[in-house]
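Novice: In our numbering, the protein residues as written are 601 to 855. Mind having a look at this structure? Questions to follow.
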Amino acid sequence: MPGPLPLSLCVITRDAAAQLADCLASASFAGEIVVVDSGSRDDTVEIARRCGARVIAQPWLGFGPQKNFAVARATHDWVLCLDADERVTPALAAAIGTALAAVPTPAAYAMARRNRFLGRWLAHGEGYPDWNVRLFDRRRARWSDDPVHEHVIVEGRVARLAGDLLHASAESLDTYVEKQNRYTTLQAQAMHARGERAGAMRLVGSPLARFLRYYVLRLGFLDGVAGFVHIAIGCFASFMKYAKLRALTSGEARP
């Protein structure tokens, strides 16, 4: 296991007491831990401090801005950004240590996130490999300002790391669907603000294309019932995003 590395682990939290300790322990190789909390009502802050984290209170800014806030307060230029329900596997930890020792280094590294859904670790479709840039040099990369489905904007080369990032969400199916409803509302509002429109082709074509891509071409059907439910919810979320956008657009024409 590498460590300590000249690397800051950055985690944004709210009411993450049940998950945070395992997350931070999985990345114990980091030379610094920065936890930015947005008003937790459970023991999140106390757990973070017990794990050696520097805790900063910050009211919620949206996913992208909140993560940029955390990155800006790190001591090291290389940052690893994790969600509280994610875990670094030993293989990924070793790959991170090797990557940071290399010269020259890319501007950022992507890692394969493996999602757990309905009690099963998905191995295909949207569930795996869900490539995400989480390790980057903040002088050459930053989080987008998107309020949801934020991503890292990189100026330079992005390489891929061996090993998995485990997304072990403990949320119920009800909570997962409620989150998709909130996210699609935020997405529709952002698209509307950019002047985008949703015609019939987007309403019908986007969910269908998503199903064909992930369930058929990327073999999501091999993940059984869990894989089918996962992609079905994803397709419905795609439909709802454009339906909500169309509703917002239609509202503009009302007297």
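Glycine included, every Cβ here is placed at the ideal spot set by N, Cα and C. Keep in mind it's a predicted model, so treat the numbers as computed, not measured.
In the DSSP assignment, find the unbroken beta strand (DSSP E) run with L766 in it and report its ends.
Specialist: V758 to H767
Novice: Quick check: W731 and G664, are their CB atoms within less than 8 Å of each other?
Specialist: no
Novice: Can you check DSSP and say which residues form a bridge with P632?
Specialist: Residue 632 is actually Glu in this sequence, not Pro. Bridge partners of E632: S608.
Novice: Do K844 and E750 have their C-beta atoms closer together than 8 Å?
Specialist: no
Novice: Can you list, in chain order, the residues of its chain whose CB lies under 6 Å from that of A853, leaving out five sequence neighbours each side?
Specialist: Caution is warranted here: a pLDDT of 47 is assigned to A853, below 50, making its placement in the model unreliable, and no coordinate value can be reported.
Novice: Any contact between the region 830–838 and the region 706–726? By contact I mean 3 or more CB pairs, one from each, below 8 Å.
Specialist: yes
Novice: Spatial neighbours of L756 within its chain, please: C-beta separation below 6 Å, excluding the five flanking residues on both sides.
Specialist: Looking at the sequence itself, residue 756 is Gly, so the reference to Leu does not match. Excluding residues within five positions, the ones whose Cβ falls inside 6 Å are A707 and R740.
Novice: Give the DSSP-derived three-state secondary structure of L718 in the structure shown.
Specialist: coil
Novice: Return no unless some Cβ of chain C is closer than 8 Å to the Cβ of F821.
Specialist: Of the protein chains in the structure, only one exists, and it is not chain C.
Novice: Could you please give the first and the last residue of the uninterrupted beta strand (DSSP E) stretch that includes L819?
Specialist: L819 -> no beta strand (DSSP E), and no H or E assigned at all.
Novice: Beta carbon of L607, beta carbon of A648: below 8 Å?
Specialist: no
Novice: How many angstroms separate the CA atom of T849 from the CA atom of R797?
Specialist: 7 Å
Novice: Do F629 and V679 have their C-beta atoms closer together than 8 Å?
Specialist: no
Novice: Start and end of the alpha helix (DSSP H) containing E646?
Specialist: T644 to R650
Novice: Taking C-alpha atoms, which residue in D683, D642 and R846 lies nearest to T784?
Specialist: R846
Novice: Using only alpha-carbon positions, find the residue among H767, R614 and R782 that is nearest to G719.
Specialist: H767
Novice: Exposed or buried, which one is G652 when buried takes at least 16 other CB atoms within 10 Å?
Specialist: The residue in question, G652, is exposed, as its Cβ has fewer than 16 Cβ neighbours within 10 Å.
Novice: So, for F839: in the same chain, excluding its five sequence neighbours on each side, which residues have a beta-carbon less than 6 Å away from its beta-carbon?
Specialist: Closer than 6 Å at Cβ, skipping near neighbours: P807.
Novice: Measuring CB to CB, does L765 end up less than 8 Å from R802?
Specialist: No, the pair does not count as a contact, with Cβ atoms beyond the cut-off.
Novice: Drop a sphere of 10 angstroms on the beta-carbon of D683, count the other beta-carbons inside from all chains shown, and report buried for 16 or more, exposed for fewer.
Specialist: buried
Novice: Please classify I656 as buried or exposed, where buried requires at least 16 neighbouring CB atoms within 10 angstroms.
Specialist: exposed
Novice: Mapping DSSP to helix, strand and coil, what is V671?
Specialist: helix
Novice: Applying the 10 Å Cβ sphere with the 16-neighbour rule, what's the burial state of T698?
Specialist: exposed
Novice: Start and end of the beta strand (DSSP E) containing A741?
Specialist: Note, A741: beta strand (DSSP E), A741 to W743.
Novice: Taking all protein chains shown into account, do 16 or more other C-beta atoms lie within 10 angstroms of the C-beta of D823, making it buried, or fewer, making it exposed?
Specialist: Counting Cβ neighbours within 10 Å, D823 comes out buried, since at least 16 surround it.
Novice: Helix, strand or coil for E686? Go by DSSP, reduced to three states.
Specialist: strand
Novice: Tell me whether Y728 sits in a helix, a strand or coil according to DSSP, three-state version.
Specialist: coil
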